[in-house]
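> There's a structure below that I have some questions on.
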Amino acid sequence: MKQVVCLKVTPKIEQLKFDEVKKTMIRDGVENEINEADKNALEISLSLKDKLGGQVVVLSMGPPSFDPYLKLAIAMGADDAILLSDRAFAGADTYSTSLVLATAVKKISDFGLVFCSEASSDGSTEQVPPSIAAWLGVPLISYVGSMSVNDGKVQAKRIIRGGYEVIETNLPTLVSVELGCNTPRFPDFRRKRWAEREFKTTVWGINDLGLSPNDVGLEGSLTSVNELRHMRSPQRKKEFLTGEPKQVAAKLAEIIRSTV
Ligand SMILES: Cc1cc2nc3c(=O)[nH]c(=O)nc-3n(C[C@H](O)[C@H](O)[C@H](O)COP(=O)(O)OP(=O)(O)OC[C@H]3O[C@@H](n4cnc5c(N)ncnc54)[C@H](O)[C@@H]3O)c2cc1C
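Add 41 to the 1-based position in the sequence shown for the working numbering, that's all there is to it.
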């Protein structure tokens, strides 16, 4: 079975900065990493490959500077890497991002599972996984914590508040994975050296995907950012209660009663 894992390369969360004039994220001069939850998705995919065999292909849309992150995924155990990189893709919203990713998945062909994570750490709209599933016309199981594949059927635990649901569907399907649901494996040292020196990432541009400039990037986007606002954390009221435990408990009960 061929599995495709969508990996987004994102700025390290503590380095997120915005251009207040252009209303875009500043991506130059910041350190990047593979979106943390995408590593959880890759781990699920590689574990399935360990059991079932097949091939894991990692896929990312972004500039050529993302190549080392795809090679890191190769060092973790992925078999192939495709970078979707073209100036025409710049400025894409989630609509055109998902179109480009889905078109590449179709070109990869013969896929059984497509993985994303639930959300990126920068844009965090959670729109890309359901949009890719819609473009591909396959079912989506979201917020997955663990899963298995038997006889062409996928069974996945979908995390919900206070528990989980068990969802079953047929292949092919798209799975979006919950942040922190597993511990991603470390890159293999020898494979890392090999990937850095010898592995060649496949790069596809707009012509390789047969898309029109009107469908991709800023041109193909249906949404625009009109305003950026700083969200301030709410100021929390702090009060320390001191005294004997019984007195403190009575005072606490009084405070709680007065706020209900
Ligand atoms: C009007 C507009 C203009 C924008 N312009 C730019 C711009 O100029 N430059 C820019 O970098 N961003 C730009 N963005 C942001 C860009 O649209 C998002 O980065 C992208 O669509 C992914 O959305 P998200 O981060 O909310 O993904 P989510 O839906 O939160 O991501 C979920 C998962 O989808 C997968 N995924 C998402 N994006 C990718 C990707 N690129 N490659 C592989 N897998 C992926 C990953 O598995 C990820 O974990 C713009 C957004 C808007 C609305």
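Cβ atoms here follow ideal geometry from the backbone N, Cα and C, with glycine treated the same way. Note that this is a predicted model, so its numbers are computed, not measured.
Mind checking whether the beta-carbon of Arg12 lies closer than 8 Å to any heavy atom of ligand 1?
Any property of residue 12 remains undetermined from this structure, which presents the chain solely from 42 to 301.
> What is the residue span of the beta strand (DSSP E) that Lys194 lies within?
Looking at the DSSP string, the run of the beta strand (DSSP E) that includes Lys194 is 194-201.
> Take Leu87 and list the residues in its own chain whose beta-carbon comes closer than 8 Å to its own, dropping the five residues that flank it on each side.
If we look at Leu87 and ignore the five residues flanking it on each side, its Cβ neighbours are Val97, Met117, Gly118, Ala119, Arg226.
> Any chance you could list the alpha helix (DSSP H) runs of at least 4 consecutive residues sitting entirely within the segment 139-199, in chain order?
Counting whole runs of 4 or more residues, the segment 139-199 contains the alpha helix (DSSP H) stretches 169-177.
> For the alpha helix (DSSP H) containing Ile296, name the first residue and the last one.
Residues 286-300.
> Could you check if Val214 is buried or exposed, using at least 16 other CB atoms within 10 Å of its CB as the buried criterion?
At residue 214 the sequence reads Thr, which differs from the Val that was named. Buried is the call here.
> Assign Phe240 to one of three DSSP states: helix, strand, or coil.
Reduced to three states, the DSSP call for Phe240 is coil.
> Say the cut is 8 Å; is the CB of Gln288 nearer than that to a heavy atom of ligand 1?
Checking every heavy atom of ligand 1 against the Cβ of Gln288, none is found closer than 8 Å.
> Taking the straight line between their C-alpha atoms, what separation do you get for Glu219 and Gly193?
Near 23 Å, if we compare the C-alpha coordinates of Gly193 and Glu219.
> Buried or exposed for Glu84, please, with buried defined as at least 16 other CB atoms from any protein chain shown within 10 angstroms of its CB.
Looking at its Cβ environment, which holds 16 or more other Cβ atoms inside 10 Å, Glu84 is buried.
> In its own chain, which residues sit with a C-beta less than 7 Å from the C-beta of Trp176, not counting the 5 before and 5 after it?
Closer than 7 Å at Cβ, skipping near neighbours: Ser139, Leu140, Ala143.
> Check whether the segment 253-262 and the segment 121-133 touch, using three or more Cβ-Cβ pairs below 8 Å as the test.
As far as the Cβ criterion goes, the segment 253-262 touches the segment 121-133, which means the pair count is three or higher.
> Consider the C-beta atom of Phe156 and the heavy atoms of ligand 1; say whether any pair is separated by less than 8 Å.
Phe156 Cβ: within cutoff of ligand 1.
> Under the three-state reduction of DSSP, which class applies to Thr135: helix, strand or coil?
Three-state DSSP puts Thr135 in a helix.
> Less than 8 Å between C-beta atoms, sequence neighbours within five positions excluded: which residues of the same chain meet that for Pro105?
Leu124, Ser126, Val244, listed in sequence order.
> Would you check if the distance between the CB atom of Pro254 and the CB atom of Asn211 is smaller than 9 Å?
No, Cβ-Cβ distance for Pro254 and Asn211 is not below 9 Å.
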